[in-house]
Amino acid sequence: MTIFSILHCEIRKIIRSNVFGLVFLVFAFGPIMMGVGILSGDGGDLNWQMYLEELVKNLAALGLIGYTFIAAWVFGREFTDKTMKDLLVKPVSRSRIVMAKLLVVLAWNVLLSVYMFAVSLAIGGVLGLTGWSAILIGHIFLRFVVTSLLFIVVTTPGIFLANVSKGYLAPLALILVIVICSNVLASMGFAPYFPWTIPGVFQSTGFLNLSSIIILALTGIAGVVGTFAWWRYAEQP
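In terms of this note's numbering, the sequence shown is numbered consecutively and its last residue is 237.
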């Protein structure tokens, strides 16, 4: 089997699952509730720039949890659904299976980030915000997509944990702890040095220093390498 055949199988499994539609509903619910809350608090003085910058900032936690859940679920469901044995008997190398799953996770999460932003734009349009500018929207959208990609990078340790724990509950528990730690460390000034707060730094400033980039890259690489190594050397069920 080629990598494209495996990708096709993975995409079909995801689209046919109940989780696929449910995740889109959850990702729409977040922008809707946050947008309404922001507008209710600021009244009629809110414009497009204030609205989107505040909304995107508030969506960071939802994105981190959501992206991690998706990444962990794509791998962990093979254990919870007891389909790992069926997957391993296919005439394809384990590295190709891992690569296909990683590509699916990346594509799904990027699609969701664009979807969240589109829902946010729709809410702002319905509420009649002032100050629309294509340049402004494009700038915020670009920063939001880059931030989403940075959050996706730090989901790789969750993927590794999903394989080690043979499920997706452990990564979700870990990410809840990380969210709490992120708030504490950010308040202490360590946001540029903690992998899961670094994307938020970029969202706020549009810039990352070299140490933050290195920390982020090492975190992402460690998760990917660990996942490939686990599939290669760990005893499978």
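Think of the CB as a built atom: it goes at the ideal place given N, C-alpha and C, for glycine as much as any other residue. Fair warning: this is a prediction, and the values are worked out from it, not measured in the lab.
Nearest neighbour of residue i, chosen from the options [CA to CA]
i: LEU62; options: GLY167, PHE151, LEU46 and VAL201; result: PHE151
i: ILE65; options: ASN183, LEU176, ILE213 and ALA107; result: LEU176
i: ALA107; options: LYS90, ALA71 and ALA118; result: ALA71
i: PHE141; options: LEU22, PHE29, GLY30 and GLU53; result: GLU53
i: LEU149; options: PRO195, GLY125 and MET188; result: PRO195
According to DSSP, residues forming a beta bridge with residue i
i: ASN47; result: THR130
Proximity of residue i and residue j at Cβ, strictly below 8 Å
i: THR155; j: THR68; result: yes
i: THR130; j: ASN47; result: yes
i: LEU169; j: LEU161; result: no
i: VAL201; j: SER212; result: yes
i: ARG143; j: GLY220; result: no
i: VAL74; j: TRP231; result: no
i: SER113; j: VAL145; result: yes
i: ILE3; j: ARG96; result: yes
i: GLN203; j: LEU136; result: no
Local Cβ density within 10 Å of residue i, reported as buried at 16 or more and exposed below that
i: THR147; result: buried
i: ASN109; result: buried
i: VAL36; result: exposed
i: ASN209; result: exposed
i: ARG77; result: buried
i: ILE6; result: buried
i: PRO157; result: buried
Query raised in the report: Of all the alpha helix (DSSP H) runs that stay within the bounds of the region 66 to 137, which reach a length of 4 or more residues?
Result: 84 to 88 and 94 to 126
Query raised in the report: Curious, which full-length alpha helix (DSSP H) runs of at least 4 residues does the region 156 to 210 contain?
Result: Entirely contained in the region 156 to 210, the alpha helix (DSSP H) runs reaching 4 residues are, in chain order, 156 to 165, 169 to 187 and 198 to 205.
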